[in-house]
Each structure stands twice: as C-alpha cells, then as structure tokens.
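To start, the structure under review is shown below, and the notes come after it.
Protein chains: 4
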Amino acid sequence: MSSSPQTKSVPRKRSNGIAAREKILDAAARIASERGYEGTSISVVSKRSGFPASSIYWHFKNKDDLIAAVIERSFAAWLQALTDLQPPGEDATLEEKVTHQAAQFSHAIEVSPDFLRLGLMLGLEHRPEDPTARKMFLKVRSRAFRNAVKSFAEWLPDFDRGALEELASFTVALADGFFMSQQVADATHDLMGRVDMQAAAILGVVELLRQKRG
Amino acid sequence: MSSSPQTKSVPRKRSNGIAAREKILDAAARIASERGYEGTSISVVSKRSGFPASSIYWHFKNKDDLIAAVIERSFAAWLQALTDLQPPGEDATLEEKVTHQAAQFSHAIEVSPDFLRLGLMLGLEHRPEDPTARKMFLKVRSRAFRNAVKSFAEWLPDFDRGALEELASFTVALADGFFMSQQVADATHDLMGRVDMQAAAILGVVELLRQKRG
Amino acid sequence: MSSSPQTKSVPRKRSNGIAAREKILDAAARIASERGYEGTSISVVSKRSGFPASSIYWHFKNKDDLIAAVIERSFAAWLQALTDLQPPGEDATLEEKVTHQAAQFSHAIEVSPDFLRLGLMLGLEHRPEDPTARKMFLKVRSRAFRNAVKSFAEWLPDFDRGALEELASFTVALADGFFMSQQVADATHDLMGRVDMQAAAILGVVELLRQKRG
Amino acid sequence: MSSSPQTKSVPRKRSNGIAAREKILDAAARIASERGYEGTSISVVSKRSGFPASSIYWHFKNKDDLIAAVIERSFAAWLQALTDLQPPGEDATLEEKVTHQAAQFSHAIEVSPDFLRLGLMLGLEHRPEDPTARKMFLKVRSRAFRNAVKSFAEWLPDFDRGALEELASFTVALADGFFMSQQVADATHDLMGRVDMQAAAILGVVELLRQKRG
DNA sequence: AATGAATGAGGATTCATTCAT
DNA sequence: AATGAATGAATCCTCATTCAT
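Protein chains in written order, with our numbering: chain A, 1 to 214; chain B, 215 to 428; chain C, 429 to 642; chain D, 643 to 856.
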C-alpha cells in the first residue's frame, strides 16, 4: 500500500468470518442433502468448502451443530419462498384457495428442496441419541403445521378444531408424499407440478370431513 | 469387535448356519431402520447380534450385500402382508375398492414398517455410488407401482394409460406421505389409520382426472 | 508345505494374540512411566510396539483401559518382587524386622519402578473425570497399606489400631518420598539404597507413638 | 476457542494488562495442578480464564513459558509462606529446632500446595525434551535442599558435609512423601499435620548418622 | 460353519500456534 | 493491549475388510 497511491487496497479476503461460515454452510447443505447425517463427514465438507477441518470447528461447535445450522438456514430460505407468493384474495372460492396453497408449497419445495430432503432424512431416523439437527427440523415442521391449521380455520369457519387439525395433517402428509415421490423418482410423472391433484385430494378430504360432521 | 479380548467370549455353541444368518439380519434390520445405511456399521451389527464381525462376513459378502439382504427379506414380509387380505369383490363400488386398497397398504406398512422406512431413507439419498440396497428398493417399489396401475385399469376401464399412471403415482405418494407423517410424528393425529381419508383423496383425484378427460 | 517334506513349518508368527498384547503393554509401560497419562499417546505406543493403532484397539477398549492394564500388570510384578524375599525370623528384634521390611520395599521398587512412577503420577492428578487407571492404582495401594498394618500388628502387639495405621501411613509415605527423591534426582545421595535410614526413621516414630500412649 | 462465534462474546472492557495476566496465571495454575503439563491445554486455560487463546499468547510466549510462569509465581508464594514463620530461638533444643522446621514445611505446603504438586508431576516425568518448567522446579528445589543443609550445619556442628547432605536429602524426601500421601489420600490419617512424626523420624536418622560416625 | 487377530483408511475433534487487525 | 479467524499436525477411535485357523 505504501508503494503506490493507486494501489486499490485489494478487498482483503482474510478474516471475513461471516463469509467463511456461509461457504461452509453451503458445502454442508449440499452434501447433507445428498448423503444424510452420517454421510456428511467433516472431511468432505472441508474438501468441498475449501476450508481445513479445523476451521470448520472454529465456526461450529461440532458436526451436530453444523448440520443444525444447515437446517436452520435452509428453513429460512424455505419460509421466504413460502411468503413470496401473495395470499389468495378474500373472495376466492375454497377451491381457489386450496389450489393456491398447494402451489405455494410446491414452489417453496422447488426453490429450496434441501430443507425438506435433509429434514425428512432426519425425520426417518430414530436413533437413541437424537441429534439437535433432528430436533430443530421437528420444531420447524410443527410450526408449518400450525400455520396450515390457521389458514384452514379462516377458510372453513364451520370446522371444529379436531377436523382442522386432521385436514392440516393431511395437507402436510400430502406435500411430503409428493416430495418423496419426486426424490425417489420412480414415477414417470412429475407429481410435484401437479398442483391440481393436490387440491383435488384436499377437497375430497374436506368433503369427507363435512359428511362425518353432518 | 464383539469377540475382542475384553469381552469375555461365552463358548459359543456350534449353532446352525441359518439361525445365525437370521439373527444377524434381525439385528441389521433394526439398526438400519434406526440409523440408515451409513449408520449401520458392521461393528454395531456385530454387537447387537452377538456375532463377531468376521462371522458376518462369512454370511454376507460385504456391508452392501448385508443391507440388500435386509431389504429383500423385509420386502418379502411386506408382500406377504399385502396378500393376506382378500381382493375386493368384483361387484364392489369404486369407493369400496379404493378403500380396500388403502386398507391393504396401511396394513402392510403397519406389519413391516422397516421396509418402507429403510427404503425411503435410501430413496432420499442421492450419492454418486449407488448402493445395491437402494437399487433393490427402487426395483421393488416400481413393481408396487405397476401393480397399482393394473388394479386401477380394472376398476376404471375408461381411463387411458397416462391417467392410470398418474393415479397410481398419486396413490403411492399418498401412502408415502402418510407413512412419513407417522414416522416424523409431528401430527397429533395418527394418519396411518385414516384409511377413509386416503380413499377420499384418491376419489377426489379420480374426479379431477375424469373432468380433464371429458 | 506341499512342495517339500523337509519344510519345517516355520513357527507362524501370525495371530498370536497374547504375545501381541504383551508387546503392546511393554511399550505402553515404558512410555507411560516416562511421560504420564496424557503423554502416552496411542500413536507413540503404536510406533514403539510396532503395531498399528487399530490393532491396539483390538486388545484394549481404549487408552484408559490400556493404561489400567499397564498398572495392573506392573503391580503383579511388584507384588512378586515383594514376596521374593523371605519374611524376617520370628525371633528377630523389632529393628531387624523393620529393616527387613524396608529392604523389601526398596527391592520391589528397584525391580519394577514403573508401577510406582506411573502410579504416583496418576495419584497427583485430580481431574474431575478420574481415569480407571488412577482408581486401579489407588485400590492396589490401599492393599499395600493394609498389609503394612497387619505386619506392624504382629510386631507391636501393644499398639492400638489407630497407632498401627499411623505407623503404616508413615511407612508408605516414607517409601514414596524416597522414591520421589530418586526420581527427581536432585539429591546427590541415592536414598533408595539407604535402608538403614528408613528403618531408623520408623523406629523414631515407633518411639514417639509409644511415648504418647504411655 | 473461548471467543468462537458460538460463545456470545460479552463486550470485554479494556481491562488492564496486569490483571489479565494474573487471571490467566490463576486459571493455568489450577488446571496444571489438576492435570499436569500435557493436560494443561491452552484452550482449557482460555475457557477457564475467559480470555481467548490468542490473548494468552499475547501475555506468554508459548505454553512452556506459561507453565514456567506458573511455577515461578507459586514458588514465590511458597517462599513467602516459608519465611512467615520465625526461626527457632538460638537456645532451643535440637528437637525443638527440627520440629519447628517440619512445621514450617507443613505450613508452606498447606498454604500453596500447587507448587509442590505440579513440581512433583514434572519431576516424575522423564521425557527427552525437558520443558523449562521442569528445569525451573528442579532449580528451585535444589535451593531448598541447600537451605536445609545450611540449617543442619548450624544445629549439628559436629556433622561432616556428607552427613549433613544425607540428612537434608532425608528431610526433603520425608516432606515429599508426606505430601504425596496427602495427595493420593489413601491414608485415613492426615499425615501433613503430623509434624511430630516428621520430627521424630529426623531425630531417629540423626541418631543413626551419629552412631555410624562414632 | 465360524472366529480371533490384524490392518489401512478415515472418522470427529483438539492441539499449539500465528497473524492481520 | 488484545482478539477473531485461521490452520497443519496430532489427538483418540471406528470403519470395512481380510485371512489363517
């Protein structure tokens, strides 16, 4: 810097904690959603992120903490995607509202599939010592469930709490199933895009619940 | 490691081969469905089954082979459960048939959940080197898909191939989703038992497809 | 072997578990007594013993277990050395008996100093999570203490339990101190050999206790 | 590591340098006397003292230097404790003088046991690369030895140099032994307090040496 | 039909230390 | 006067697998 005035003090790459942390999270997210919890070895994350393993431990307490951070961050992205779409108009029909909701879910999943992928992987595991990452996914997911209940409560004022919760559970399960099918990819048909099918299914269930009540 | 010097090795009775193999598979199945592919280490299987690691290698070529065997065996159990129920009568209504099918699925899953659990875990993973276990699950699963297509073809003679496949995909996705919900267990409601909801959803979709065609 | 009858089936070095275990213990004992618990890294033991680290873990559960085994084994050697000497004659004077005992201790320490060295190192440490090795040393040591009490009880029938225990504690402390001095080696004089000094000190204390009682 | 991103770093007040140094030494002393040289990792000292590792390096050249400083400081405390007591009167009997000396030692050890504890730990280790800390302890200790020789020379003018040194060695060894016993704590009796036993032992040895000479 | 012993590769994590700020 | 960030080397230990018996 002292040598010449025009030396444009190169943007020092050194010691930018946040950026490094982000790069590590990027690598970890990609790997974790490919290989699950056990498969995400620190050494692979190290290789993919370009940081030595010991640097990863500067930013994260341990592997568990790292993966929990991945879940947390990808959930934020997911939430963002979920709110990017406008809510359906007040005077829309139930069918329109439900379709809109399904579209939102599909969109969110398409935009940040890592969240659900890794989350479901963790969800399927039932090991004695539950990693914090799993707990974090569960927490986040139950929030999504409560949101769905609230929406349905607005749209179906005549439904009681029990029915609303059943409907919400069904909706979430449906989204999970569509996602799973896409991931496992044994279907020739890309279900994720079939927003209308999701809506039709939900309406079918609404009908069922209404009959039972009546 | 189970027979390492520290573990006082009980003089093992020259047990017959098949029983040993079965015990190993039992242990492996339990562990794999708890912890997934990577989490199923030979040494844990050894500890849980009571056989030294080297004995496991006497019965199975390698880890991959062991887990493939687990999948294979649990698929057999699943198939058995699936055929225990009688097919619906010829003259049943569509609703009855669909409900019956859903009940069959629910039953099969309840009877041997390990198959689906481990299978979905493997399905979610997308690693470069695909373990045989994963391929085996995919094969088995696509057979289930084709069966569903065949059933629907009988029940809905007016549907074309494309519609039938969409319907089958949907059915499978729905079952997956219900299973996931039960596993993740964030729902207050046990969806697996809600055969009527599954049927209602499918009928809703049938209706949709029928409209589109018309 | 099939090629020629005279091939003297070379003494197979392979798979001789006990011998390997012993070699590992030898290496570990040497290192541990040089560098203490923390300083005894598995990788050094591996290098010194010629076995890869993973082989060490076949024979010992973990580092703690290994060092506990070292203590255990070297205690056996020590006990052996302690009993190699004949007990003093029944009709010997107290001075002769005490001198004999001191000689025994000195001898035992000289023959297998590793036991005391490592033991005292562990004894000095007071970390929260007490390694089993330390506990083992303490156990072994309290046995030595009880033996001393028994000896003194025979030689000094007029002493009460309290006095006997004080005397035994003193004797042990004295031996420790002499050993320490030799190890730290700041003294120009090799105390270990001065059996007569140890005896004189003990007799001085016997006298003191006798006065207090009288 | 104490200030890693996970640990929410409380905005540290620009504390004055000496106080920080002292706090680090406090932490290091406690840890070193619990776990010895190897066990005293910079990161533990950092956690316990509340200062980031890099700050420790600002105050001390390296780990070795830090522990040497610990020894140095605790030696000062020890020396202080040693001189707090007045010397015995000129016209006291030998027994009184020796008892007084023993009391002094006991007191000093009780007041600052860390010095001896850590010192003996280092003394027991015989590793190739001798840490400065060990050398410092040895130096300090040999000074104590020379002091003892000088005292005895005054009290026992008829003893030759050799005898005086043997006596001093014995005294030091005895103190070590008593300390060890207390640390290892296998004795039911708290020997440290038994100043009279130490004195009696020394007098016993004085007697022995006198006989040999005579 | 089985297993005790061994092993190289890799797992997570901590180490002492540095350096730009 | 201090520290956030980084790092290579070392830590303990587990992995999947082999092989002689």
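Where is the CB? At the ideal position from N, CA and C, for every residue including glycine.
Judged by beta-carbon spacing, Leu548(C) lies beyond the 8 Å limit of Met834(D), meaning their Cβ atoms are not closer than that value. Using a Cβ distance threshold of 8 Å, Leu546(C) and Ser461(C) count as a contacting pair. DSSP places Gln626(C) inside the alpha helix (DSSP H), whose first and last residues are Val623 to Arg641.
Within the stretch 49–80 of chain A, the complete alpha helix (DSSP H) segments at least 4 residues long are 53–59, listed from N- to C-terminus.
When CB distances to chain C are screened at a threshold of 7 Å, the residues of the stretch 820–852 of chain D falling below it are Phe820, Met822, Ser823, Gln825, Val826, Asp828, Ala829, Thr830, His831, Leu833, Asp838, Met839, Ala842, Ala843, Leu845, Gly846, Val847, Glu849 and Leu850, in chain order. Thr741(D) is not a Cβ neighbour of Ala817(D), given a cutoff of 8 Å. The DSSP-derived three-state label of Gln532(C) is helix.
At least one beta carbon of chain D lies nearer than 8 Å to the beta carbon of Lys61(A). Under the DSSP assignment, Ala246(B) falls in the alpha helix (DSSP H) whose first and last residues are Gly231 to Gly253. The stretch 448–465 of chain C makes contact with the stretch 493–512 of chain C; the number of CB pairs closer than 8 Å reaches 3 or more. A direct Cα-Cα distance of roughly 17 Å separates Arg476(C) from Asp542(C). With 16 or more other Cβ atoms from the protein chains shown falling within 10 Å of its own Cβ, Trp720(D) counts as buried.
From the listed residues His487(C), Phe488(C) and Ile452(C), the smallest Cα separation to Val472(C) is found for Ile452(C). Of all residues in the stretch 30–45 of chain A, those with a C-beta nearer than 7 Å to a C-beta of chain B are Glu34, Arg35, Gly36, Glu38 and Gly39, reading in chain order. At a C-beta separation below 8 Å, Gln746(D) has no neighbours in chain A, since its nearest C-beta there lies roughly 49 Å away.
Between Phe366(B) and Leu378(B), the C-beta gap is smaller than 8 Å, which places the two residues in contact.
Ranked by how close their Cα comes to the Cα of Asn658(D), the residues Ala775(D), Phe801(D), Ser697(D) and Arg803(D) have Ser697(D) in first place. Using a Cβ-Cβ cut-off of 9 Å, Met564(C) is close to nothing in chain D; its nearest Cβ partner there is about 13 Å away.
At least 8 Å separates the beta-carbon of Val634(C) from that of Ala530(C).
Among the CB atoms of chain D, one or more fall inside 8 Å of the CB of Asp604(C). Residue-level contact check: Glu553(C) touches chain D, since one or more beta carbons of chain D fall below 8 Å from its beta carbon.
A distance below 7 Å between beta-carbons, with the five flanking residues on each side excluded, links Phe747(D) to the following residues of its chain, in chain order: Ala817. The alpha carbon of Tyr465(C) has as its nearest neighbour, out of Trp583(C), Thr560(C) and Asn575(C), the alpha carbon of Thr560(C).
Here Asp733(D) carries a coil assignment [DSSP, helix/strand/coil].
Rounded to whole angstroms, Gly765(D) and Phe717(D) show a C-alpha spacing of 15 Å. Restricting attention to Leu595(C), Ile630(C), Gln610(C) and Glu450(C), the CA atom closest to the CA of Leu544(C) is found in Gln610(C).
DSSP places Ala168(A) inside the alpha helix (DSSP H), whose first and last residues are Arg161 to Val184.
Contact with chain A is found for Gln648(D), since one of that chain's Cβ atoms lies less than 8 Å from the residue's Cβ. In the three-state reduction of the DSSP assignment, Leu118(A) falls in the helix class.
His273(B) sits away from Ala241(B), with the two beta carbons spaced by 8 Å or more.
Judged by DSSP secondary structure, Ser151(A) falls within the alpha helix (DSSP H) whose first and last residues are Thr132 to Trp155.
Interface with chain B (8 Å Cβ-Cβ cutoff): Ala81(A) is excluded.
Not a single C-beta of chain C is nearer than 8 Å to the C-beta of Phe757(D).
Take the alpha-carbon of Ile470(C) and the one of Gly681(D): they are about 15 Å apart. Scanning chain B for C-beta atoms nearer than 7 Å to the C-beta of Leu120(A) yields Leu338 and Met394, reported in chain order.
Val325(B) is outside the set of residues whose beta carbon lies under 8 Å from a beta carbon in chain A.
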